Amino acid sequence: MAEETIFSKIIRREIPSDIVYQDDSVTAFRDISPQAPTHILIIPNHLIPTVNDVTPEDEQVLGHMITVAAKIAQQEGIADDGYRLIMNCNRHGGQEVFHIHMHLVGGHHLGPMLAK
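In terms of the UniProt record's numbering, the sequence shown has 83 at position 83, counting the first letter as 1, and numbering is strictly consecutive.
So this is what it looks like as structure tokens:
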């Protein structure tokens with residue numbers, strides 16, 4: 001089994017975090033180092049280390065992460081202008097915490113997807 005992460009402690013509310021949404025499947029909270037005016041992380045409540053570790057049993061929670069992202073984007077007032085959903089995988093992909101997570105970023109024009 002994979003090791004517990006800081007996100008596991010956030011899910012259980014053992015460390016302070018600005019949680020904006022939580023249900024039985026996912027938790028969403030504001031990033032402590034935001035890269036945009038709105039920068040929220042959406043994570044499954046059970047540990048999946050990377051995208052490479054996703055199984056068919058995880059499909060429902062991954063879809064739920066997207067519907068929760070859309071709901072939060074509406075609540076944050078960024079849905080109409082647009083936002084970006086980002087998932088990084090492993091070190092070259094920029095993943096820092098090995099508990100799969102989706103970044104919801106928006107609140108201004110985000111520019112190109114990747115720097116050249």
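Where is the CB? At the ideal position from N, CA and C, for every residue including glycine.
For clarity, every value in this text was computed on a predicted model and none was experimentally measured.
For the ligand FAD, is there any heavy atom lying closer than 7 Å to the beta carbon of N90? Of the ligands one can find in the structure shown there are none, so the ligand FAD has no counterpart to examine.
In whole angstroms, give me the CA-to-CA distance for T50 and E14. 23 Å
Please confirm if the segment 90 to 101 is in contact with the segment 14 to 29, defined as three or more CB-CB distances below 8 Å between the two stretches. no
Per-residue DSSP class, three states only, for M102: strand
Would you call L41 buried or exposed, if buried means 16 or more other Cβ atoms sit within 10 Å of its Cβ? buried
Can you give me the start and stop residues for the alpha helix (DSSP H) that L62 sits inside? 59 to 76
Any idea which residues DSSP pairs V26 with across the strands? P44
First through last residue of the beta strand (DSSP E) which encompasses I86: 83 to 86
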